[in-house]
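Here the structure comes first, spelled out in C-alpha cells, and everything after it is commentary.
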Amino acid sequence: MKGIFSKIRNAPLAATTGVMASFYAGQAAAQDSDLGSIADNINGMMDNFGSLALSAAFVAGVAFVGLGLARLKAAVDSQGQQVKYGEGVWRIALGSALVAVPAVITVMGNTMGVDNSDTINFTSGFE
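The sequence shown maps to residues -30 to -1, 1 to 97 in mature numbering (1 follows the signal peptide of the UniProt record, and there is no 0).
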C-alpha cells in the first residue's frame, strides 16, 4: 500500500524529469550534426562535472572540520562523558582529507601529464 502512495506522490516529479530529459535530448540533437560534436559537448559537460565535484568536496571538508571542532568543544565541556573526543577527531580528519582532495588530484594530474595547463610544471632537467 505504501508503494502505491509513494508512486502517486512522486508522479509529478517523474513527469517533470521525463519532460526535461526529452527537451534537453531534443536540444542536443538539434544543435549537433555529427557524433564528434556530440562527444565534444559531453566532454565539456564532464569537465564541468569534475570541477563541481571537487568544489563540493572542498565545501564538505570545511563543513566537517567545523562540525568536528564543535564536537570537540562539546566533549571538552562535558569532560568526555556525554560526547566522546573521538567524534570530533574523526570529523576533523575526514574534513581535512576532503579539503585536500582538489589539491591532490590537481598535483597528480599535472605530474602524470593529464592536465596540460601551465600552472605547475614538473621537469626532469634533462634535455
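From the three backbone atoms N, C-alpha and C, an ideal C-beta is built for every residue, glycine too.
Residue burial is scored here from C-beta neighbours: F(-8) has fewer than 16 other C-beta atoms within 10 angstroms and is therefore classed as exposed. Taking C-beta atoms under 8 Å as the contact rule, L39 and G58 qualify, at a distance of about 7 Å. With a threshold of 16 other beta carbon atoms within 10 Å, V(-12) falls short and is exposed.
Apart from the 5 residues on each side of it in sequence, V35 sits with its Cβ closer than 6 Å to the Cβ of I62, G65 in its chain, given in chain order. Going by DSSP, D47 is part of the alpha helix (DSSP H) stretching over 5 to 47. The stretch 20 to 37 makes contact with the stretch 64 to 79: 3 or more CB pairs, one atom from each, lie closer than 8 Å.
With respect to the 8 Å criterion, G20 and V69 are not classified as neighbours on the basis of their beta carbons. Inclusion of V29 and R41 in the CB contact set at 8 Å is not warranted, their separation being larger than that value. Around the Cβ of A45, a 10 Å sphere holds 16 or more other Cβ atoms; the residue is buried.
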